[in-house]
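In the working numbering, the protein residues as written are 2 to 513.
Structure first, commentary second.
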């Protein structure tokens, strides 16, 4: 029997070996496949596939985990059907990674591939919104990258570090901040009326895009100055509640008055016209000065579409503080409780024990041996209820009257609002050349709005009367604090004067 088992096992091994040879014979070769639409870039991941060619002519495509294959990568790492390129290979132009793949059971079918890395061939900054071509304007856009395999990527979240770190930004006549390009607000810092943004690809440093803006100064410029607003009056403090039984609540504090708004600064505006040789068109030069602080502002305005508005606004008057709430009156003291005790006579039934002789019949056997019934006397104790008179102590509960509750404290008065500050005076000076464009300069001086009066504080609640016989009277609610009668006044508008001046401006562009 043992010999038969040995022969059967040997036949099984032989058949298994023959099956493996047949399976091996089915696989003829393999090919590494990488989809052409994928970008192979430093720090990024792409998918890997394998084509298996069978001897019977069939082809099997393998993708995903590739657990039947061993994958080795020089210049990257492999995991679960994907290859991640080493970030250190940036810049990527002219570089490659080596991929080695073979079936785990048939290393003799090894295939290698040298895969070149992709790189940018073009980079372009494209605005996503229309914008005025004037100093101080912010331009939001996206970067479009074209790669050597024809693929295109759009980076439209340049505010995020993850996207912005793929580029280097430089400016001339502007600055880059938080994913947006801002034209320099001072036209004197812009050369030849052109503001430029330079973008360089980190991965392909030779690719640089220049986004240039030729300024036309067709913009609605605005200059606004304000007087300081008056501070609001602080609210009155709430009164404290009565601190002992029956005590009145204390009054609420008065609201403080609001401050007056300050007068707005006076402004001088000088306007001249000159012919700009670079743009070959007339431009208005506007110089504005805060006559209180000396701060200067300069503008170039294209009469064909540009405007300038200057506003001087008085400070807002401060609001009056609200009156504080009156404190609540304390609860009245409860009436004192006392016990009256008195003795009364009362007839009650009470049990008593008494001894009583009773006669019982008993059967005995006499001397003659006969049964005989006789009477026998016997003492027994019995309970007898008798009516008796006794003295008892009775307790009677009494309570003195409760005391009155405390009155609520009065609310505090509301504070008076402050008046608004007056608008500043604006002086407009036009040269003879600029006077025809006077309608493009808009001036307004407005008084500041008045503050609001504070409301009177609410009176405190009266305290509840103390418990007793009778109960104490509840305290009166405190009166609400008075509110201010009337209102504060808005500030007055400032005066605007228009006067002539001599020609004063000669444009010099920023030197290269």
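Where a beta carbon is used, it is the ideal one built from N, C-alpha and C, also for glycine.
task = Kindly indicate which residue of 28, 48, 40, 42 has the alpha-carbon position closest to the one of residue 34.
result = Translated into the one-based positions of the chain shown, residue 34 becomes position 33. That would be 48, whose Cα lies nearest to the Cα of residue 34.
task: With a threshold of 16 other CB atoms inside 10 Å of the CB of residue 431, please say whether the residue is buried or exposed.
output: The residue given as residue 431 occupies position 430 in the chain shown. Label assigned to residue 431: buried.
Note to self: With H, G and I counted as helix, E and B as strand and the rest as coil, what does DSSP make of residue 436?
What the structure shows: Position 435 of the chain shown, counted from the start, is the residue given in the question as residue 436. Note: residue 436 maps to helix in three-state DSSP.
> Under 8 angstroms, do residue 335 and residue 403 count as touching if we go by C-beta distance?
Replying inline: Reading the chain shown from its first residue, position 334 is the one you call residue 335. Reading the chain shown from its first residue, position 402 is the one you call residue 403. A contact, by the Cβ cut-off of 8 angstroms.
Legend entry - Touch test, the segment 375-389 against the segment 340-358, Cβ-Cβ under 8 angstroms, three pairs minimum: yes
### Message
Would residue 74 and residue 98 be called neighbours here (beta carbons separated by less than 8 angstroms)?
### Response
In the chain shown, counting from the first residue as 1, residue 74 sits at position 73. In the chain shown, counting from the first residue as 1, residue 98 sits at position 97. Yes, the pair counts as a contact, with Cβ atoms nearer than the cut-off.
Return the bridge partner residues of residue 339 from the DSSP annotation.
The residue you call residue 339 lines up with position 338 of the chain shown. Bridge partners of residue 339: 399.
>> For residue 26, which residues in the same chain have their Cβ closer than 8 angstroms to its Cβ, ignoring the five residues on either side in sequence?
In response: Position 25 of the chain shown holds residue 26. For residue 26, the pLDDT reaches just 42, beneath the cut-off of 50, and the residue's location in the model is therefore unreliable, leaving the point undetermined.
(message) Taking 8 angstroms as the threshold (C-beta atoms), are residue 142 and residue 263 in contact?
(response) Counting from one through the chain shown, the residue named residue 263 turns up at place 262. Counting from one through the chain shown, the residue named residue 142 turns up at place 141. Contact flag unset, no.
- Near residue 43, which residues of its chain fall below 6 angstroms by C-beta distance, leaving aside the five closest residues on each side in sequence? By 1-based counting over the chain shown, the position of residue 43 is 42. Result list for residue 43: 86, 88, 90, 91, 93, in chain order.
Separation of residue 428 from residue 197, as counted between CA atoms
In the chain shown, residue 197 corresponds to position 196, counting from 1. In the chain shown, residue 428 corresponds to position 427, counting from 1. Taking the straight line from one Cα to the other gives about 36 angstroms.
Report task. Let me know the beta strand (DSSP E) ranges lying completely inside the segment 344-420, each 3 residues or longer, listed in chain order. Result -> 372-400
query: What three-state label does DSSP hand residue 163 in the structure shown?
result: Translated into the one-based positions of the chain shown, residue 163 becomes position 162. Residue 163: helix per DSSP, three-state reduction.
For the beta strand (DSSP E) containing residue 99, list its first residue and its last residue.
The sequence position of residue 99 within the chain shown is 98, counting from 1. Start and end: 97-104.
* Asked: Grouping DSSP H, G and I as helix and E and B as strand, with all else coil, what is residue 190?
  -> As a first step, residue 190 is located in the chain shown; it is residue number 189 there, counting from the start. In this structure, residue 190 counts as helix in the three-state DSSP scheme.
*Measure the alpha-carbon distance for residue 438 versus residue 221 and round it to whole angstroms.*
The residue you call residue 438 lines up with position 437 of the chain shown. The residue you call residue 221 lines up with position 220 of the chain shown. Each residue's Cα considered, the two are about 14 angstroms apart.
Sorted by chain position, which residues of the same chain lie with C-beta nearer than 7 angstroms to residue 271's C-beta, five sequence neighbours on each side aside? Numbered from 1 along the chain shown, position 270 holds the residue referred to as residue 271. Correct list, in chain order: 288, 430, 502, 505.
Note to self: Taking only three categories from DSSP, how would you classify residue 45?
What the structure shows: Counting from 1 along the chain shown, the entry for residue 45 is found at position 44. Coil at residue 45, not helix or strand.
As assigned by DSSP and simplified to three states, the class of residue 280: As a first step, residue 280 must be located in the chain shown, where it is residue number 279. Residue state, collapsed to three classes: coil.
**Request:** Decide if the segment 444-457 is in contact with the segment 474-491; the criterion is three or more beta carbon pairs, one per stretch, under 8 angstroms apart.
**Result:** yes
Who are the Cβ neighbours of residue 434 in its own chain at under 6 angstroms, not counting the five residues just before and after it? Reading the chain shown from its first residue, position 433 is the one you call residue 434. Excluding sequence neighbours, residue 434 sits near 274.
DSSP three-state label for residue 441, please. Position 440 of the chain shown, counted from the first residue, corresponds to residue 441. Reduced to three states, the DSSP call for residue 441 is helix.
- Message: Using the three-state DSSP reduction, which class does residue 453 fall into: helix, strand or coil?
- Response: The residue given as residue 453 occupies position 452 in the chain shown. Coil at residue 453, not helix or strand.
Problem set entry | Three-state secondary structure (DSSP) of residue 121 | In the chain shown, counting from the first residue as 1, residue 121 sits at position 120. In the structure shown, residue 121 sits in a strand (DSSP, three-state: E or B).
Inset, instruction - From the DSSP output, in three-state form, read off residue 109 for me. - result: Stepping through the chain shown from its first residue, residue 109 is reached at position 108. Helix at residue 109.
Exercise. Throw me the rounded Cβ distance for the residue 330 and residue 249 pair, which I believe falls under 8 angstroms.
Key: Sequence index remark: in the chain shown, residue 330 carries index 329 (1-based). Sequence index remark: in the chain shown, residue 249 carries index 248 (1-based). Between residue 249 and residue 330 the Cβ distance is about 5 angstroms, and since that is below 8 angstroms, they are a contact.
* Taking Cβ positions, are residue 227 and residue 316 nearer each other than 8 angstroms? -> As a position in the chain shown, residue 227 is number 226, starting the count at 1. As a position in the chain shown, residue 316 is number 315, starting the count at 1. Cβ distance < 8 angstroms, so residue 227 and residue 316 count as in contact.
>> I need the straight-line Cα distance from residue 473 to residue 408, nearest angstrom please.
In response: One-based indexing of the chain shown puts residue 473 at position 472. One-based indexing of the chain shown puts residue 408 at position 407. Looking at the two C-alpha atoms, the distance is approximately 13 angstroms.
If we ignore side chains and look at the alpha-carbon of each, how far apart do residue 280 and residue 217 end up?
For the purposes of this step, residue 280 is taken as residue 279 along the chain shown, with counting starting at 1. For the purposes of this step, residue 217 is taken as residue 216 along the chain shown, with counting starting at 1. If I take the Cα positions, the gap works out to 8 angstroms.
Check your understanding: Three or more C-beta pairs closer than 8 angstroms, one from the segment 168-178 and one from the segment 197-206: is that the case here?
Key -> yes
Cutting at 7 angstroms between CB atoms, please list the residues of its own chain near residue 359, excluding the five before and the five after it.
Numbered from its first residue, the chain shown carries residue 359 at position 358. Correct list, in chain order: 379, 381.
key: Completely contained beta strand (DSSP E) runs for the segment 128-153, where each covers 3 or more residues   = 142-148
query = Roughly how many whole angstroms lie between the Cα atoms of residue 341 and residue 389?
reply = For the purposes of this step, residue 341 is taken as the residue at position 340 of the chain shown. For the purposes of this step, residue 389 is taken as the residue at position 388 of the chain shown. One C-alpha to the other measures close to 26 angstroms.
Query - Integer-rounded CB distance, given that residue 189 should sit under 8 angstroms from residue 215 - result: Position 214 of the chain shown, counting from 1, holds the residue named residue 215. Position 188 of the chain shown, counting from 1, holds the residue named residue 189. So it is not a contact: roughly 17 angstroms between Cβ atoms.
Between which two residues does the alpha helix (DSSP H) holding residue 334 run?
Taking the chain shown and counting its residues from 1, one reaches residue 334 at position 333. That residue, residue 334, is in no alpha helix (DSSP H); it is neither H nor E in DSSP.
Please return the same chain residues whose Cβ sits closer than 6 angstroms to the Cβ of residue 483, not counting the five positions on each side in sequence. Reading the chain shown from its first residue, position 482 is the one you call residue 483. Contacts found: 414, 457.
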